[in-house]
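Q: In our numbering, the protein residues as written are 31 to 299.
The following block contains the structure:
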């Protein structure tokens, strides 16, 4: 029952943080550290339940996704959308495959994650102040390949746990001229191949037999993250239509600084 309870907590954290620009990986590492949810199974769990959050995007955007799949022929809207997504996906996929062992060995600890939270928050404020516009590119259908590539290059920042894939891609989208809603929606769509690829790689590398309770925990975490993500994504888009994202940056900086002080005081290890 303790493992199930931890799965519910982690599923809630994943559902809340996956598409907000505050780093799901960073929060999962920090919360996992606090509740003693670590080890090989925890690593597998944290990757797999991301598919629950992805399923939320598929459900919420099912009409647009279905329309894009019906128009996959060259010259049609679906072909353009998925071409942009593939181009944006490639930089982090290539870099991630090359560096994943080094990243896991050096950056998956409290101090690097907290440093990324703080740095990412400061960078968000700078980029939003300089580049965020309300009425430039207001639809992901208007993105062209060079813009998609730039967004994909920014997604590479998210290889540093704590930076946030959502924050990195949204900043890249601001710089190439998207407004906040279009930037967030492209980030959602880009998450589909990115997280499926990360999950497939993790499952391929995982050589562990799961117990019955671990399988149940995976299912529970998946369902919880799916339900929470559906609620959060809808609220997030409505928020972006009215307000800037500075509040998320300030949250990142405050949490990062507070926890970093605890680390250096040896309260948090």
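Backbone N, C-alpha and C define an ideal beta-carbon position, used for all residues, glycine too.
Just so we're clear, the structure is a prediction, and the values are computed from it rather than from any experiment.
1) So, residue 213 versus residue 203, is the Cβ gap smaller than 8 Å?
2) Would you check if the distance between the CB atom of residue 41 and the CB atom of residue 123 is smaller than 8 Å?
3) Within its chain, find whatever has a CB closer than 7 Å to the CB of residue 48; leave out the 5 residues flanking it on each side and keep chain order.
4) When the Cα atoms are used, what is the spatial distance from residue 243 to residue 33?
5) On the DSSP bridge list, what partners appear for residue 208?
6) Nearest CA to the CA of residue 252: which residue from 220, 74, 66?
7) With a threshold of 16 other CB atoms inside 10 Å of the CB of residue 106, please say whether the residue is buried or exposed.
8) Starting from residue 296, trace the alpha helix (DSSP H) in both directions and tell me its first and last residue.
9) Under 8 Å between the Cβ atoms of residue 111 and residue 148?
10) So residue 96 is in the alpha helix (DSSP H); what residue range does that whole segment cover?
11) Among 239, 264, 180, which has the Cα closest to the Cα of residue 119?
12) Distance, Cα to Cα, residue 178 vs residue 280?
13) Specify the secondary structure class of residue 48 as computed by DSSP and reduced to three states.
14) DSSP three-state call for residue 3: helix, strand or coil?
15) Over what stretch of residues does the alpha helix (DSSP H) that includes residue 252 continue unbroken?
16) In chain order, what residues of the same chain lie with their CB nearer than 7 Å to the CB of residue 51, ignoring the 5 residues before and after it?
17) Among 35, 207, 152, 85, whose alpha-carbon lies nearest the alpha-carbon of residue 284?
18) Since residue 192 and residue 143 are thought to touch, with beta carbons under 8 Å apart, how far apart are those beta carbons, to the nearest angstrom?
19) Could you pull out every unbroken alpha helix (DSSP H) segment of at least 4 residues lying fully inside the region 73-160, listed in chain order?
20) Could you tell me which of 190, 205, 158, 72 sits nearest to residue 135, measuring between CA atoms?
21) Would you give the residue range spanned by the alpha helix (DSSP H) that residue 54 belongs to?
22) Go ahead and label residue 156 buried or exposed: buried means 16 or more other beta carbons lie within 10 angstroms of its beta carbon, across all protein chains shown.
23) How big is the Cα-Cα spacing for residue 306 and residue 160?
24) Would you check if the distance between the CB atom of residue 262 and the CB atom of residue 87 is smaller than 8 Å?
25) Taking all protein chains shown into account, do 16 or more other C-beta atoms lie within 10 angstroms of the C-beta of residue 220, making it buried, or fewer, making it exposed?
A: Checking against the coordinates, here is how it stands:
1) Pairing residue 213 with residue 203 gives a Cβ-Cβ distance under 8 Å.
2) Taking 8 Å as the Cβ cut-off, residue 41 and residue 123 do not qualify as a contacting pair.
3) Excluding positions up to five away in sequence, the list reads 54, 80, 83, 259.
4) Distance between the alpha carbons of residue 243 and residue 33 is about 8 Å.
5) Partner(s): 167.
6) Closest option to residue 252, judged by alpha-carbon separation, among 220, 74, 66: 74.
7) Here residue 106 is exposed: its Cβ has fewer than 16 other Cβ atoms, across all protein chains shown, within 10 Å.
8) Residue 296 -> no alpha helix (DSSP H), and no H or E assigned at all.
9) Annotated as distal: residue 111 and residue 148, with beta-carbon spacing of 8 Å or more.
10) Annotation: the continuous alpha helix (DSSP H) that includes residue 96 extends over 92-100.
11) It is 180 whose Cα lies nearest to the Cα of residue 119.
12) Going by C-alpha positions, residue 178 is about 27 Å away from residue 280.
13) Coil.
14) Given that the chain is displayed from residue 31 to residue 299, the structure contains no residue 3 and the question cannot be resolved.
15) From DSSP, the alpha helix (DSSP H) with residue 252 extends over 242-270.
16) If we look at residue 51 and ignore the five residues flanking it on each side, its Cβ neighbours are 154, 194, 196, 197, 200, 275, 278.
17) Closest by C-alpha distance to residue 284, out of 35, 207, 152, 85, is 152.
18) Residue 192 to residue 143, Cβ: 4 Å. Contact.
19) Segments of the alpha helix (DSSP H) lying fully in the region 73-160: 80-90, 92-100, 107-136.
20) That would be 190, whose Cα lies nearest to the Cα of residue 135.
21) Run containing residue 54: 54-64, per the alpha helix (DSSP H) assignment.
22) By the 10 Å Cβ count, residue 156 comes out exposed.
23) What the structure shows of the chain is the stretch from 31 to 299, and residue 306 is not part of that stretch, so it cannot be assessed.
24) With respect to residue 87, residue 262 sits apart: the two C-beta atoms are not nearer than 8 Å.
25) Sixteen is the threshold: when 16 or more other Cβ atoms of the shown chains lie within 10 Å of the Cβ of residue 220, as they do, the residue is buried.
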